Amino acid sequence: MPEVAPIPLSRLTTLRTGGEPARLVEVHSADELIRALREAWAVGEPWLVLGGGSNLFVGDEPFDGTVVRVRSTGIEELPGSRPDTVRLRVQAGHDWDALVAETVERGLAGIEAMSGIPGTVGAAPVQNIGAYGQEIVQTLIEVELIDEATGDVSVVPAGELGLGFRTSVLKQHYGSVPERSAVILSVTLELERVGDGERPIAGDQLRSALGLDAADAVSLRWIRDHVLATRARKGMVLDAEDPDTWSAGSFFQNAIVSEAFARTLPAACPRWPMSPVLDPVTVIPLAAFDGILPPPPVEQREVKVSAAWLIENAGLSRGFRFPRSRAGLSTKHTLALTNRGEATAAEIAELARFVQSRVAAEFGLVLQPEPVLVNVEL
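Residue 378, in UniProt numbering, is where the sequence shown stops; the numbers in between run on with no holes.
1) Taking the straight line between their C-alpha atoms, what separation do you get for Leu185 and Gln205?
2) Can the beta-carbon of Ala42 be found less than 8 Å from the beta-carbon of Val25?
3) Could you spell out the range, first to last residue, of the beta strand (DSSP E) harbouring Leu48?
4) From what residue to what residue does the alpha helix (DSSP H) around Trp41 run?
5) What are the start and end residues of the beta strand (DSSP E) that includes Arg87?
6) Between Gln91 and Gly110, which are expected to be in contact by the criterion C-beta below 8 Å, what is the C-beta distance as a whole number of angstroms?
7) Rounded C-beta distance between Val68 and Leu33? I'm assuming under 8 Å.
8) How long is the line joining the alpha carbons of Gly159 and Phe322, rounded to whole angstroms?
9) Using the Cβ count rule (16 or more neighbours within 10 Å means buried), how would you classify Leu310?
10) If you pair each beta-carbon of the segment 55 to 75 with each one of the segment 12 to 32, do three or more pairs fall below 8 Å?
11) Express the C-alpha separation of Ala182 and Leu50 in angstroms, rounding to a whole number.
12) State yes or no: is the C-beta of Gly116 within less than 8 Å of the C-beta of Arg231?
13) Whose CA, out of Asn254, Ala287, Pro2 and Phe289, lies closest to the CA of Trp272?
14) Glu148 CB to nearest chain D CB: under 8 Å?
15) Judging by CA-CA distance, which residue of Glu342, Gly364 and Leu378 is the nearest neighbour of Glu370?
16) For Gly93, which residues of its own chain have a beta-carbon under 7 Å away from its beta-carbon, when the five flanking residues on both sides are left out?
17) Per DSSP, which one or two residues make a beta bridge with Arg77?
18) Buried or exposed: where does Thr13 fall if 16 or more other Cβ atoms within 10 Å of its Cβ makes it buried?
19) In the DSSP output, what is Thr14 paired with across the bridge?
20) Among Val218, Arg358, Ser306 and Gly162, whose alpha-carbon lies nearest the alpha-carbon of Ile136?
21) Measuring CA to CA, which of Glu190, Asp196 and Ala327 is closest to Leu88?
22) Could you check what DSSP says for Val100 in three-state terms: helix, strand or coil?
23) Give the C-beta separation of Gly341 and Arg326 to the nearest angstrom, bearing in mind that I take them to be a contact with Cβ-Cβ under 8 Å.
24) Within 10 angstroms of its Cβ, does Arg270 collect 16 or more other Cβ (buried), or is it exposed?
25) Reducing DSSP to helix, strand and coil, say where Trp309 ends up.
26) Roughly how many angstroms separate the alpha carbons of Gln356 and Gly164, rounded to a whole number?
27) I need the straight-line Cα distance from Glu45 to Asp152, nearest angstrom please.
Below, the structure is given as structure tokens:
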């Protein structure tokens, strides 16, 4: 388990911010990861697990603790629950998009719409990554993890991870600690064997994003290629030559609000119900029926609303930045706060706070950051 010379986290994160850690360890297997974490936990020092660095916003000050950089890779094929499925157990440090490319090559369906998402496999369940109607919760079977409280390793079913919209019991939300402090060692997914042929695509969101009708049939390869092209147009595929991709992806989460609050927003604001709208069914015993139907129950559903629309309609256009600041909104996608070149974390935080204040003033809604914030405040 080699300890390497510390380097600034700005060189290891896609937002390109972060000071130098006191100690940097690179691990290349689950066993090395377990040993590194147990050592850090035993001395009680601050610790940070780093995969692809794509969902982190790190402050400018040095990190006074151990950073464990996870480089473990590998895919193990296991029997699925049905003849037409297969399970893949993937090591935490495996590149997520490399995994997606491998599944498409093998003709395995279930994660192809999540092509181009940066980061590592171990980070994927932590915030239940998703794109275009696919989320990892739909294919995740279990994770192997190590708990900080006990140092024990266990296999945890997906149903015990509290997976929701960009969240889980493992995620450290801004201003809070995770419900369960643990680190993922491996992830097991169950995917469907569909081959490389064309087939109709389920899911309105994916069809809409790709311009498909319900009857259109396409291959997994076609979906991957078009998702990558769509994300690239938005600056959401990492490119060392494109400052629009020097970001943590979507910096703010799409907001989850009540239907009542959503009705206070302009009708043009895109929104998506978080649960299906079902016609209520009322059963009345015939002997008790007096000819009058009771009013249907009032159910308060939650609605997801577009943070990008709120930002743009609060008067902040793509490419916005303060004079002389090296941080700015992406010129392609207002949800991404970008490092235009040597920006400090303080500059990016200043921009984030301004975006929050403008949306709150215009629409009465405080946008929440999606990345994990380390040594930095908004």
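All residues carry an ideal CB built from backbone N, CA and C; glycine is no exception.
In this text the structure is predicted, and so the values were computed from the model without any measurement.
So, from the listed chains and residues:
1) Reading the sequence shown from its first residue, position 185 is the one you call residue 185. Reading the sequence shown from its first residue, position 205 is the one you call residue 205. Leu185 and Gln205: Cα-Cα distance of roughly 31 Å.
2) Within the sequence shown, numbered from 1, the residue matching residue 42 stands at position 42. Within the sequence shown, numbered from 1, the residue matching residue 25 stands at position 25. Contact: no.
3) As a first step, residue 48 is located in the sequence shown; it is residue number 48 there, counting from the start. For Leu48, the enclosing beta strand (DSSP E) has its first and last residue at Trp47 to Leu50.
4) Locating residue 41 in the sequence shown gives position 41, where the first residue counts as 1. Note, Trp41: alpha helix (DSSP H), Ala30 to Val43.
5) What you label residue 87 is simply residue 87 of the sequence shown in a count that begins at 1. Per DSSP, Arg87 belongs to the beta strand (DSSP E) from Thr85 to Gln91.
6) As a first step, residue 91 must be located in the sequence shown, where it is residue number 91. As a first step, residue 110 must be located in the sequence shown, where it is residue number 110. Not really, about 19 Å apart at Cβ, beyond 8 Å.
7) Counting from 1 along the sequence shown, the entry for residue 68 is found at position 68. Counting from 1 along the sequence shown, the entry for residue 33 is found at position 33. Correct: roughly 7 Å between the Cβ atoms.
8) In the sequence shown, the residue the question calls residue 159 occupies position 159. In the sequence shown, the residue the question calls residue 322 occupies position 322. Looking at the two C-alpha atoms, the distance is approximately 44 Å.
9) On the sequence shown, position 310 is the one that residue 310 refers to. With 16 or more Cβ atoms within 10 Å of its Cβ, Leu310 is classed as buried.
10) The segment 55 to 75 is in contact with the segment 12 to 32.
11) Locating residue 50 in the sequence shown gives position 50, counting from the first residue. Locating residue 182 in the sequence shown gives position 182, counting from the first residue. Their backbone Cα atoms lie some 13 Å apart in a straight line.
12) Working through the sequence shown from its first residue, we reach residue 116 at position 116. Working through the sequence shown from its first residue, we reach residue 231 at position 231. In this structure, Arg231 lies closer than 8 Å to Gly116 by Cβ.
13) The count along the sequence shown starts at 1 and reaches residue 272 at position 272. For Trp272, the nearest C-alpha among the options comes from Asn254.
14) Looking for chain D here will not work: only one protein chain is present.
15) Counted from its first residue, the sequence shown places residue 370 at position 370. Comparing Cα positions, the closest option is Leu378.
16) As a first step, residue 93 is located in the sequence shown; it is residue number 93 there, counting from the start. Cβ within range, chain order: Gly51, Val70, Arg71, Ser72, Thr73, Thr120 and Gly122.
17) Mapped onto the sequence shown, residue 77 falls at position 77. Before going further, note that residue 77 is Glu rather than Arg in the sequence given. Its beta-bridge partners are Leu88.
18) In the sequence shown, residue 13 corresponds to position 13, counting from 1. Buried is the call here.
19) Taking the sequence shown and counting its residues from 1, the one referred to as residue 14 is at position 14. Thr14 pairs with nothing; no bridge assigned.
20) As a first step, residue 136 is located in the sequence shown; it is residue number 136 there, counting from the start. For Ile136, the closest of Val218, Arg358, Ser306 and Gly162 by C-alpha to C-alpha distance is Gly162.
21) Here residue 88 refers to the residue found at position 88 of the sequence shown. Closest option to Leu88, Cα to Cα, is Glu190.
22) Sequence index remark: in the sequence shown, residue 100 carries index 100 (1-based). It is helical.
23) Counting from one through the sequence shown, the residue named residue 341 turns up at place 341. Counting from one through the sequence shown, the residue named residue 326 turns up at place 326. The pair is a contact, with the Cβ atoms about 6 Å apart (cut-off 8 Å).
24) The residue labelled residue 270 in the question sits at position 270 within the sequence shown. Contrary to the premise, residue 270 reads as Pro rather than Arg in this sequence. The residue in question, Pro270, is exposed, as its Cβ has fewer than 16 Cβ neighbours within 10 Å.
25) Walking along the sequence shown from the start, residue 309 turns up at place 309. In this structure, Trp309 counts as helix in the three-state DSSP scheme.
26) Counted from its first residue, the sequence shown places residue 356 at position 356. Counted from its first residue, the sequence shown places residue 164 at position 164. Here the alpha carbons of Gly164 and Gln356 stand approximately 23 Å from one another.
27) Translated into the one-based positions of the sequence shown, residue 45 becomes position 45. Translated into the one-based positions of the sequence shown, residue 152 becomes position 152. Each residue's alpha carbon lies about 19 Å from the other.
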